[in-house]
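For reference, the structure is listed below as structure tokens.
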Amino acid sequence: MFSKVLALAAVAGMASAFVPSAPLQTGVAKSSSALKMTFETEVGAQNPLGFFDPLGLLDNADQERFDRLRFVELKHGRISMLAVVGHLVQNNVRLPGYISTSADLKFADIPNGLAAFSKIPPLGVVQLVTFVGLLEAGVWKQQDSGIPGDFGLRWTQNFTEEEKYQKRAIELNNGRAAMMGILALMVHEKLDNHPYVINDLVGASYTFN
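According to mature numbering (1 follows the signal peptide of the UniProt record, and there is no 0), the residues represented by the sequence shown are -17 to -1, 1 to 192, in order.
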């Protein structure tokens, strides 16, 4: 158990390192032309990298394209944060009972990580995909607020504008860290079935699957 707590603390520490104290000021103003917009002062453009677009996805982009890419980035980040937490929790805690009584398959019998797909019955995979599709189509809908990723949760309504900016940046950058984190977990699971690299580096033993 200690090893998993250590891994969770390490992931949390890595994510918190991305928390900004204030917007990055670059002195570059946005053009009035929609086709020549720059995004150097948007949420997430901060030290040490500043505005980072190595693939040129925003070359000659307008605000609509930027908002679409930011929406996708936020959604992937949120999914990845859930995935990292789920990965760590799954290695310690399992639901009681059966995932399939007809197959005599308990939740405790399902391996962690990518290996789970080798044990989940086909109907179970269909149920998962259907549930996610329903959330996508009818629950997590973009609100007409001008803020990409706003699904109508008003928990920030009592914050100042500066606090709202910081909360948005925290979520965005924790999501970025989580995307790197879950990718690393999957890669190392496939390489040697030892996904918790930090545990291995510090010599903290653990059992995975």
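Idealized CB from N, CA, C, for every residue including glycine.
Under the three-state DSSP convention, the category residue i falls into
i           : result
K124        : coil
residue 199 : Limits of the chain in this structure are -17 at one end and 192 at the other, which puts residue 199 out of reach.
G132        : coil
K89         : strand
G164        : helix
G33         : strand
I103        : coil
residue 196 : Given a span of -17 to 192 for the chain in the structure shown, any question on residue 196 remains unanswerable.
L38         : coil
Q110        : helix
F54         : helix
F142        : coil
N157        : helix
R77         : coil
A98         : helix
N43         : coil
N182        : helix
G27         : coil
F22         : coil
R137        : coil
H59         : helix
Burial state of residue i, where buried means 16 or more other Cβ atoms lie within 10 Å
i    : result
E47  : exposed
P178 : buried
D175 : exposed
S101 : exposed
L168 : buried
N141 : exposed
N75  : exposed
S63  : buried
L71  : buried
G129 : exposed
G121 : exposed
L118 : exposed
G33  : exposed
G60  : buried
Integer-rounded CB distance, given that residue j should sit under 8 Å from residue i
i           : j    : result
residue 221 : G132 : An answer regarding residue 221 cannot be provided, because it is not within the stretch -17 to 192 covered by the chain.
K173        : L97  : 7 Å
W123        : F134 : 5 Å
E192        : N95  : Checking the sequence shown, residue 192 turns out to be Asn, not Glu. Confirmed, Cβ separation roughly 6 Å.
F54         : F22  : Wrong, their Cβ atoms sit about 14 Å apart, outside the cutoff.
One or two residues paired with residue i in a DSSP bridge
i   : result
S83 : L88
Does the segment 77 to 84 touch the segment 167 to 187, meaning 3 or more C-beta pairs lie closer than 8 Å?
-> no
Stretch pair the segment 60 to 77 + the segment 154 to 161: three plus CB contacts closer than 8 Å | yes
Can at least three beta-carbon pairs, one atom from the segment 145 to 158 and one from the segment 27 to 34, be found at a separation below 8 Å?
-> yes
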